[in-house]
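Below you'll find the structure, written out as structure tokens, and then a few comments.
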Amino acid sequence: MENSYTTFTDFALTELTTGLHCLHCKDDWETVELSDNATVILGTPAETLREDPTYWISRIHPSDVDAVRGALHTTTEKIEKHISFRYRDSSERYRWIGLRCKLANAGIIVGTFSDITRARVLEYGDRIHFAGRNSLRALLDSNDLTVAINQFLDLLGNAMHVDRARLVRFRTDDKAFITHEWVRSKAEAALDLPIEVSTVAVKWWLTELKKLGV
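The opening residue of the sequence shown carries number 169 in my numbering; numbering runs sequentially from there.
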């Protein structure tokens, strides 16, 4: 071990891809202690997270943050809890983070965390593949094309954990229209379809699809 590290623990929490994060709750969850390798794992300078204890919770995806708060509040000393959430890094991109934690003394939550983005991508790939097969079966089994398309969007939307899924029809005259939409929440207003897609967006999508050989 190099002289720059006083212990093997010091080495692990600086160089490895699993970090240490200790949290407690005041008005919201705050960082108490954080290992240096958080800079690499979270994509945010560790010093920034230490200097502003509430910065960590503020960077969690809006759709995940309440679930994270609830999970932390119900964490106990006896059972290790595994929490996963989307975290926005300094490049304003989201990455999936996994946190394994328990409640320690004085209301402090102690946990280890790592970047689980690749695992999530593979998981979603499997889900989408499975949903695609089921969607094709739904299309073949249904005599009503609209019902079949809506079932297709429902399967894909749930597989990808998105709030909305839309079917866009591209025409040979370089115009495109949103013709079908699936919305997860019944409280969300549905679009008045069909809706024409902007020319700029159509050009961008056609360029990207061409790159993919579609």
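Glycine included, every Cβ here is placed at the ideal spot set by N, Cα and C.
Item to check | Own chain, CB closer than 7 Å to threonine 243, minus 5 neighbours either side, in chain order | outcome: Reading the sequence shown from its first residue, position 75 is the one you call residue 243. Residues of the same chain with a CB within less than 7 Å of the CB of threonine 243, apart from the 5 flanking positions on each side, are Lys249, Cys269, Lys270, Leu271 and Ile277 in chain order.
Next on the checklist: Can you give me the C-alpha to C-alpha distance between leucine 184 and glycine 211, rounded to a whole angstrom?
Outcome noted: Indexing the sequence shown from 1 puts residue 184 at position 16. Indexing the sequence shown from 1 puts residue 211 at position 43. Going by the C-alpha atoms only, they are around 14 Å apart.
Next on the checklist: Let's see if you can read the secondary structure: which residues bound the beta strand (DSSP E) around aspartate 322?
Outcome noted: Counting from one through the sequence shown, the residue named residue 322 turns up at place 154. No beta strand (DSSP E) holds aspartate 322; the alpha helix (DSSP H) holding it covers 313-328.
Checklist entry - First and last residue of the alpha helix (DSSP H) that includes arginine 218? => result One-based indexing of the sequence shown puts residue 218 at position 50. Here the alpha helix (DSSP H) through arginine 218 covers 214-219.
Next on the checklist: With distance defined between alpha-carbon atoms, name the residue in Val208, Arg218, Leu290 and Lys194 nearest to glutamate 201.
Outcome noted: Sequence index remark: in the sequence shown, residue 201 carries index 33 (1-based). When only C-alpha atoms are compared, the closest one is Arg218.
Next on the checklist: Can you tell me whether threonine 375 is buried or exposed? The criterion is at least 16 other CB atoms within 10 Å of its CB, across all chains shown.
Outcome noted: Taking the first residue of the sequence shown as position 1, residue 375 is located at position 207. Threonine 375 comes out exposed.
Checklist entry - Is it the case that the Cβ atoms of arginine 237 and tyrosine 255 are separated by a distance below 8 Å? => result Here the question's residue 237 lines up with position 69 in the sequence shown. Here the question's residue 255 lines up with position 87 in the sequence shown. No; because the gap between Cβ atoms is not below 8 Å, this pair is not in contact.
Item to check | Coarse secondary structure for aspartate 234, derived from DSSP in three states | outcome: Position 66 of the sequence shown, counted from the start, is the residue given in the question as residue 234. Here aspartate 234 sits in helix by DSSP.
Next on the checklist: Within a Cβ cutoff of 6 Å, which residues of the same chain sit near serine 203, ignoring the five residues on either side of it in sequence?
Outcome noted: Here residue 203 refers to the residue found at position 35 when the sequence shown is read from its first residue. Once the five neighbours on either side are set aside, the close Cβ partners of serine 203 are Leu181, Gly187 and Leu188.
Next on the checklist: Out of Val208, His192, Thr177 and Val368, which one is the CA nearest neighbour of aspartate 283?
Outcome noted: Stepping through the sequence shown from its first residue, residue 283 is reached at position 115. Per the Cα distances, Val208.
Checklist entry - Starting from lysine 378 and walking both ways along the alpha helix (DSSP H), at which residues does that stretch end? => result Counting from one through the sequence shown, the residue named residue 378 turns up at place 210. Counting along the chain, the unbroken alpha helix (DSSP H) around lysine 378 starts and ends at 367-379.
Next on the checklist: Rounded to the nearest angstrom, what separates alanine 206 and glycine 266 at their Cα positions?
Outcome noted: Within the sequence shown, the letter at position 38 stands for residue 206. Within the sequence shown, the letter at position 98 stands for residue 266. Going from the Cα of alanine 206 to the Cα of glycine 266 covers about 13 Å.
Next on the checklist: What does the alpha-carbon distance come out to for the pair glutamate 291 and serine 353?
Outcome noted: Walking along the sequence shown from the start, residue 291 turns up at place 123. Walking along the sequence shown from the start, residue 353 turns up at place 185. Straight-line spacing of the CA atoms in glutamate 291 and serine 353 works out to 23 Å.
Checklist entry - Buried or exposed: phenylalanine 281, going by 16 or more other Cβ atoms within 10 Å of its Cβ? => result As a working note, residue 281 is residue 113 in the sequence shown. By the 10 Å Cβ count, phenylalanine 281 comes out buried.
Item to check | Identity of the residue in Phe338, Phe320 and Ala357 nearest valine 370 by Cα | outcome: The count along the sequence shown starts at 1 and reaches residue 370 at position 202. When only C-alpha atoms are compared, the closest one is Phe338.
Item to check | Backbone CA spacing between aspartate 220 and serine 258 [nearest angstrom] | outcome: Locating residue 220 in the sequence shown gives position 52, where the first residue counts as 1. Locating residue 258 in the sequence shown gives position 90, where the first residue counts as 1. Their backbone Cα atoms lie some 14 Å apart in a straight line.
Checklist entry - Any idea what DSSP makes of threonine 182, helix, strand or coil? => result Stepping through the sequence shown from its first residue, residue 182 is reached at position 14. Shown here, threonine 182 sits in a helix according to DSSP, grouped into three states.
Item to check | For glycine 275, the three-state DSSP class (helix, strand or coil) | outcome: Numbered from its first residue, the sequence shown carries residue 275 at position 107. Of the three classes helix, strand and coil, the one that applies to glycine 275 here is helix, per DSSP.
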